[in-house]
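Note that the sequence shown covers residues 1 to 161 in the numbering used here. Note sheet for the following structure.
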Amino acid sequence: MLPGCRSVISQDSGALADILIREGHALEFGAFALEARSTPGHTDGCLTYVLSDRTMAFTGDALLIRGCGRTDFQQGSPETLYHSVHEKIFTLPGDCLIYPAHDYTGQTVSTVEEERTLNPRLTQSCEAFVQLMNKLNLPQPKKIDIAVPANLKCGIQDVET
């Protein structure tokens with residue numbers, strides 16, 4: 001569909017892609033590289049990409065600004081997510097910029113230190129976090145039956161060429 005463009009996804013996701021990666025894989029581009037850190041909990045395949053100089057991290061749905069991804073479907077696990085964030089993201093330098101996959105309030109960036117100290121979900125103990133996440137009772141996303149199959153193909157639909 002896009003000449004020269006290749007899809008990349010976590011090997012642990014179970015999805016199809018041109019390139020399957022795991023913890024520690026480096027995606028190099030120009031003078032930069034992104035290190036893949038496995039941060040499951042929202043899904044098994046969640047990755048956080050950390051710029052080689054550790055000044056930026058792209059956290060996907062694992063860590064959002066003042067929140068985190070839900071853990072009630074797609075192999076979600078609150079305990080796993082808590083440990084992923086605390087061990088793989090909160091261990092980065094405090095001034096490391098955090099860019100989540102999306103934000104429902106229009107914010108686009110935070111820092112590790114801000115989230116370590118101000119994130120209302122992840123400043124709690126693991127036990128309290130698990131209890132909170134298990135009691136959210138969120139409705140299923142409206143297009144989940146379309147989104148999950150598309151995610152498993154990296155969004156590329158079957159197209160005859």
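Note that the Cβ used here is the ideal one computed from N, Cα and C, for glycine as well. From a predicted model like this one, the values you see are computed outputs, not experimental measurements.
If contacts are defined as beta-carbon pairs under 8 Å, then Leu63 and Val85 qualify, I think. What distance do you get, rounded to the angstrom? 5 Å
In chain order, what residues of the same chain lie with their CB nearer than 6 Å to the CB of His25, ignoring the 5 residues before and after it? Ala36
State the start and end residues of the unbroken beta strand (DSSP E) segment that holds Ile21. Ile19 to Ile21
For the candidate residues Pro3, Gln140, Thr91 and Asp53, whose alpha-carbon lies nearest to that of Val112? Of Pro3, Gln140, Thr91 and Asp53, the smallest CA-CA separation from Val112 is found for Thr91.
Quick one: give me the first and last residue of the beta strand (DSSP E) that Ser13 is part of. No beta strand (DSSP E) holds Ser13; DSSP gives it neither H nor E.
Boundaries (first-last residue) of the beta strand (DSSP E) holding Phe90: Where Phe90 is concerned, there is no enclosing beta strand (DSSP E), given that its DSSP letter is neither H nor E.
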